[in-house]
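Going by our numbering, the final residue of the sequence shown carries number 122, and the count climbs one at a time with no gaps.
No residue lacks a Cβ here, since even glycine has one placed at the ideal position from N, Cα and C.
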Amino acid sequence: MVPITQSIDTQGLSQHQPFLRAFSAMRKLQCGDVLMLSTSEPQADDDLQAFCYRTGFQLIESVRCEDEYIFLIRRNCTTEQAA
40 MVPITQSIDT QGLSQHQPFL RAFSAMRKLQ CGDVLMLSTS EPQADDDLQA FCYRTGFQLI
100 ESVRCEDEYI FLIRRNCTTE QAA
């Protein structure tokens, strides 16, 4: 299991809110830290992969458990994340 630095629960928030909150949290984390994001947004998996590609963060794991989607995202050390 990957050690989780911070968790954000965005269950029930509108489509873009989970990613805005994740981006804000990731910018505050140190290199190598891991954010756990949980959401109920059905499009989250595809959207989060694109989000990580654009920002340079690493999607470590994604899990769907009924109507909940859980993502582990690492702040990379080798790239400078987009502002």
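Nearest residue (CA-CA) to residue i, options the options
i: residue 91; options: 103, 49, 61; result: 61
i: residue 45; options: 51, 94, 95, 66; result: 66
i: residue 114; options: 106, 93, 103, 105; result: 93
i: residue 43; options: 78, 79, 50, 68; result: 68
i: residue 99; options: 105, 87, 106; result: 87
i: residue 97; options: 49, 80, 116; result: 116
Exposure of residue i, with buried meaning 16 or more beta-carbon neighbours within 10 Å
i: residue 89; result: exposed
i: residue 73; result: buried
Identified DSSP bridge partners for residue i
i: residue 94; result: DSSP output for residue 94 lists no bridge partner at all.
Through-space distance from residue j to residue i, alpha-carbon basis
i: residue 40; j: residue 64; result: 21 Å
i: residue 108; j: residue 53; result: 14 Å
i: residue 55; j: residue 47; result: 14 Å
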